[in-house]
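Colleague: I'd like to ask you about the structure that follows.
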Amino acid sequence: MEENQNKDGQLNIELDQEIAEGTYSNLAIINHSISEFIVDFINIMPGVPKAKVKSRIILTPQHAKRLTKALADNVRKFEEAHGEIKDYEQPPIPMNFGPTGQA
1 MEENQNKDGQ LNIELDQEIA EGTYSNLAII NHSISEFIVD FINIMPGVPK
51 AKVKSRIILT PQHAKRLTKA LADNVRKFEE AHGEIKDYEQ PPIPMNFGPT
101 GQA
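Here it is in C-alpha cells:
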C-alpha cells in the first residue's frame, strides 16, 4: 500500500500555509490539446491595461471532466443553500497577448 494512504484507504493530503492562503482570480482562460487542458487563472484590475497569469493548472482530459462535474455539483449545492448566482453581462475583455503575426 502507498505511504500517503492509511489503512482505511483514505488519502492523507498536506496543505502548506502559503497554498492555503489561495490566489484570487476573476478570469480564467482555458485551452486544450489532444492530451491536456490548461487553465490559466488571472486577476484583472479595473483601469489597468495589463494582467498577469497568477496560476496555471494542467489537467488530463479525464480530470478536466471530473472537475467540471465537481464544480457543477458544488454550484448546485451553493444555489440550493443561498439562492441563484446572478451572471451579470459584462463587456468582453480584450485579449492582448502581444503583437499578432502576419504572413
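Take the sequence shown: its position 86, counting from 1, is numbered 86 in the working numbering, and each next residue is one higher.
Ideal Cβ placement from N, Cα and C applies to all residues, glycine included.
#1: Reducing DSSP to helix, strand and coil, say where A51 ends up.
#2: Give a yes or no on whether the C-beta atoms belonging to D40 and R66 are separated by under 8 Å.
#3: Considering Cα atoms alone, identify which of E84, N74 and A64 is closest to F37.
#4: I need the DSSP call for L11, collapsed to helix, strand or coil.
#5: Assess contact between the region 42-60 and the region 73-88, defined as three or more Cβ pairs (one per stretch) separated by less than 8 Å. Is contact present?
Modeller: A quick look at the data gives this:
#1: Here residue 51 corresponds to residue number 51 of the sequence shown, with the count starting at 1. Of the three classes helix, strand and coil, the one that applies to A51 here is coil, per DSSP.
#2: Working through the sequence shown from its first residue, we reach residue 40 at position 40. Working through the sequence shown from its first residue, we reach residue 66 at position 66. Not a contact, by the Cβ cut-off of 8 Å.
#3: Start at 1 with the first residue of the sequence shown, and residue 37 comes out as number 37. Cα-wise, what sits closest to F37 is A64.
#4: Position 11 of the sequence shown, counted from the start, is the residue given in the question as residue 11. Strand, per DSSP.
#5: no
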